[in-house]
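Step one of this worksheet: look at the structure below.
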Amino acid sequence: VTPVAGTTRDVNSLPAEWQGTPFRLVDTGGMFGASEDPLHELVIQHGRRALKEADVLVFVVDGREGLVSGDEEISAALRTASVPVVVAVNKTDDRRARGRALEFYKLGFEPVVEVAAEHGDGVGDLLDEITARIPAHRDGATADEQQETAVAIVGRPNVGKSSLLNKLAHEERSIVSEMPGTTRDSVDAVLKWHKRKFRIVDTAGIRRPGRVARSGQVEAVSVLVARRAIEKADVAVLVIDSVEGGTDQDATIAGEAEKAGCGIVVAANKWDLMKGRGTVFSKEFDDKLRQGLKFLDYAPVLHISAATGERTGKVLETIDKIAEARMRRIPTSELNRFVAAVTAVHPPASPGRREVRILYAAQIGVAPPTFVFFTNVATEFHFSYQRFLVNRLRESFGLIGTPIRIHVRRRER
Ligand code: GDP
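Heads up, the sequence shown is in my numbering, so the first residue is 754 and it goes up one at a time.
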């Protein structure tokens, strides 16, 4: 957020939920009014598309400035959309905005809600008005089906990312639609699978690097493309070429996913070329892969063939499981039974003279699951103990394929 007009160029899109109603919140860039931005035309194109696809429009006006001619212009454009428009009069915390909200009824839209976005005032009311207008069963879907999992398909050039995307898109009986992505030059594909929706982000990036650069450059570009996609994703599919095995590049990409808190599954592709080598070979292959990709000891590995379609169905199934694990909330009572059991056998090693005890733990977040362990003294856990706790949490609560974060804090007196 910056005070400069026109700084939101991209169309940002985020999953949201209010009182049990999930929806996708799309923030169009500054599509109205004059702009010096050379990309303005693109902003407008994306914005128009967002308007066309929306079920509800929220028209934000500046209560401090009052009704201005630009508002009339925008109203004219919004009237052509055949969906409800909610007017949000912002900055009403400012005394200059007091009593001006009424002006905005002239625009002809109702309701008109007064908010102060910076302070959160009125935002709950606004959300009520929005969710009241979201079609309840769009496409006959239930609320649960509206949940989308954002997926990044990443990996080096020629490992089979495009082939996998095509396979998923066309052979899993999925409905595919290309949607404007969250940045100017990205394209997302939305797949439906069973009752789930997967948004494959940045599909333009899947095809790009091989074409724009050669060898060394390609590698660097593929990491950049991967990083960008991973930032937007809940789960990354790291595609590797089974013939070549995992490379440093793959390890770098895996590290990006871990850093970003993105779930990860490794798709060892071109497995058709490894056929008939038996289960011992498969196991050795996985072990070697895990050794090479040090951040990935928790990632499931699938042996697939994008060319023949073997086990590509498993990919969506696994993504779904990881996405679920990444959002899981462990009840506090279970967590503290876990703490008691684990510390009884393995108390934390104390760096100083005082004995360190974990008194209790709490999960403070999801995506990825994040835990705080409260101790009797201010301390940090040794790296190996942290790792031990993470591994035990993963096993105990089935947190497959997702990074796990832990913090240590001294209990407040
Ligand atoms: P991308 O650059 O990662 O998107 O890779 P592509 O999907 O373009 O695939 C690169 C090459 O690998 C193409 O020639 C594909 O036909 C081939 N390929 C992809 N998947 C498989 C597979 O499962 N088995 C085999 N044998 N070849 C594959």
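Every residue gets a Cβ at the ideal spot worked out from N, C-alpha and C, and that includes glycine.
Computed from a predicted model, the values in this text were never measured in an experiment.
Is any non-hydrogen atom of the ligand GDP found closer than 6 angstroms to the C-beta of residue i, if you look at the structure I gave you?
i	result
Ala-1059	yes
Ser-995	no
Leu-1025	Here residue 1025 turns out to be Asp, not Leu, going by the sequence shown. Checking the Cβ of Asp-1025 against the ligand GDP gives yes.
Lys-914	yes
Pro-888	no
Pro-1101	no
Pro-910	yes
Asn-1022	yes
For the alpha helix (DSSP H) that residue i lies in, which residues bound it at each end?
i	result
Glu-1070	1065-1079
Asn-1144	1136-1150
Ile-959	956-960
Gly-1154	That residue, Gly-1154, is in no alpha helix (DSSP H); it is neither H nor E in DSSP.
So what's residue i in DSSP terms, helix, strand or just coil?
i	result
Ile-883	helix
Lys-1047	helix
Asp-1025	helix
His-832	Before going further, note that residue 832 is Arg rather than His in the sequence given. Note: Arg-832 maps to helix in three-state DSSP.
Asn-1089	helix
Lys-844	coil
Arg-949	strand
Leu-810	strand
Arg-762	Summary for Arg-762: the model assigns pLDDT 45, below 50, so the residue's position carries little reliability; its value from the coordinates is reported in the next sentence. Looking at Arg-762 - three-state DSSP - the assignment turns out to be coil, as it is neither helix nor strand.
Lys-805	helix
Ile-1006	helix
Leu-767	strand
Glu-1133	coil
Gly-877	helix
Arg-891	With a pLDDT of only 47 at Arg-891, under the threshold of 50, the placement of this residue in the model should not be trusted; the figure read from the coordinates follows. If DSSP states are grouped into helix, strand and coil, Arg-891 belongs with the helices.
Ser-995	coil
Val-990	strand
Gln-1116	strand
Val-1033	helix
Glu-901	strand
Phe-776	strand
His-1169	The question about residue 1169 has no answer, for the chain in this structure spans 754 to 1166.
Leu-820	coil
Gly-908	coil
Gly-1016	strand
Val-1109	coil
Ala-1102	coil
Phe-870	In the sequence as presented, Phe is not what sits at residue 870; that position holds Ala. Three-state result, Ala-870: coil.
Ala-942	strand
Arg-981	helix
Arg-1163	strand
Ile-928	Confidence at Ile-928 is low in this model, with a pLDDT of 48, below 50, so its placement is unreliable and the value that follows should be read with caution. Three-state result, Ile-928: coil.
Tyr-858	helix
Ala-896	Residue placement at Ala-896 is poorly supported in this model, since its pLDDT is 45, which falls under 50; the coordinates still yield a value, given next. Looking at Ala-896 - three-state DSSP - the assignment turns out to be helix.
Can you find a C-beta in chain B that's less than 7 angstroms from the C-beta of residue i?
i	result
Thr-1132	Chain labels in this structure do not include chain B; a single protein chain is all it has.
Assuming residue i contacts residue j (C-beta within less than 8 angstroms), just tell me the rounded distance between them.
i	j	result
Leu-820	Lys-844	14 angstroms between Cβ atoms; not a contact.
Phe-857	Val-840	5 angstroms
Met-1080	Ala-1120	6 angstroms
Gly-1016	Asp-987	6 angstroms
Leu-991	Val-974	With 8 angstroms as the limit, Leu-991 and Val-974 do not qualify as a contact, their Cβ atoms being about 16 angstroms apart.
Arg-981	Asp-955	6 angstroms
Leu-810	Val-842	Not really, about 15 angstroms apart at Cβ, beyond 8 angstroms.
Tyr-1138	Pro-1101	5 angstroms
Ile-993	Gly-908	6 angstroms
Trp-946	Leu-1055	That belief does not hold up - the Cβ atoms of Trp-946 and Leu-1055 are roughly 15 angstroms apart, past 8 angstroms.
Val-1109	Asn-1129	7 angstroms
Can you name the start and end residues of the beta strand (DSSP E) that residue i belongs to?
i	result
Thr-1123	1123-1128
His-1056	1054-1056
Glu-867	865-867
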